[in-house]
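Q:
Numbering (full-length UniProt numbering), first residue to last: 1 to 233.
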């Protein structure tokens, strides 16, 4: 994954921070806390490309993004859900953000298509009901990591990541941070589109468990397609 994608995320976050009432309210109080979540890890490789694994791409981008913020934003505290190649349960990732009383949660992922299909571009996601089968499939793929957890049926109240019926719960959810999350997601996509001329795959909603459990504005970014050789490089 090309390094400029890290800078796009950084620029977008800075723009959001400057405009966010949450940030303005914190200028004279506690530091603004950003939790950066590198998706997958440990025995969960995520999507696998020809030359790389999603878990490693996500971690590399997450650490670079965090270092950029630390270097340039004195009033912003960065917390990682993982800073090395370890497996972290989905609910634990959100718990880290909630316990830190984070102001912003960013989950970094890399997209993929099955059966040798290819695609290009970046997309940014917020919590909500998937409006298409394609969106639902993205959520299913990311949520399926709970199957690596031995007690997932208990921890997630019987949620089946591969069953469309399980996602009905997202139809009735009220997310008080939706407007701020969508605003940040839009900034991220705008920067991908204009700054580095990336294919803009848009802002979408879907039922991501990691976003459902986080009590702050939150987004999930799909940087590109590891299943497309040009994108993977």
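Here a beta-carbon is modelled for each residue, glycine too, at the ideal position from N, C-alpha and C.
My output table needs one value for residue 60: the three-state DSSP class, helix, strand or coil.
A: DSSP places residue 60 in helix when its eight states are reduced to three.
Q: In its own chain, which residues sit with a C-beta less than 6 Å from the C-beta of residue 227, not counting the 5 before and 5 after it?
A: Around residue 227: 112, 113.
Q: Whole-angstrom Cβ separation of residue 118 and residue 47, contact assumed at under 8 Å?
A: No, residue 118 and residue 47 are not in contact; Cβ-Cβ is about 13 Å, not under 8 Å.
Q: Anyone know if the C-beta pair for residue 181 and residue 217 falls short of 7 Å?
A: Against a cut-off of 7 Å, the Cβ pair of residue 217 and residue 181 comes out as a contact.
Q: Count the other CB atoms within 10 Å of the CB of residue 169; is the residue buried (16 or more) or exposed (fewer)?
A: Result: exposed.
Q: Within 10 angstroms of its Cβ, does residue 231 collect 16 or more other Cβ (buried), or is it exposed?
A: Buried.
Q: Does the region 133-150 touch the region 174-193, meaning 3 or more C-beta pairs lie closer than 8 Å?
A: Contact between the region 174-193 and the region 133-150 is absent, because fewer than three Cβ pairs lie under 8 Å.
Q: Rounding to the nearest angstrom, what Cα-Cα distance links residue 39 and residue 176 in this structure?
A: So the alpha carbons of these two residues sit roughly 24 Å apart.
Q: Have a look at 60, 122, 93, 153 and flag the residue whose alpha-carbon is nearest the alpha-carbon of residue 197.
A: Comparing Cα-Cα distances from residue 197 to each of 60, 122, 93, 153, the minimum goes to 122.
Q: Got a sec: is the Cβ-Cβ distance from residue 99 to anything in chain C below 7 Å?
A: Protein chain content of the structure displayed is limited to a single chain, and chain C is not contained in it.
Q: Compute the distance between the beta-carbons of residue 105 and residue 35, then report whether it is under 7 Å.
A: A contact, by the Cβ cut-off of 7 Å.
Q: Could you pull out every residue in the same chain whose Cβ sits closer than 6 Å to the Cβ of residue 69, ignoring the five residues on either side in sequence?
A: If we look at residue 69 and ignore the five residues flanking it on each side, its Cβ neighbours are 76, 78.
Q: Can you tell which of 128, 56, 139 has the C-alpha that lies nearest to the C-alpha of residue 86?
A: For the residues 128, 56, 139, the minimum Cα distance to residue 86 belongs to 56.
Q: Could you have a look at residue 77 and say whether DSSP puts it in helix, strand or coil?
A: Of the three classes helix, strand and coil, the one that applies to residue 77 here is strand, per DSSP.
Q: Between which two residues does the alpha helix (DSSP H) harbouring residue 82 extend?
A: Where residue 82 is concerned, there is no enclosing alpha helix (DSSP H), given that its DSSP letter is neither H nor E.
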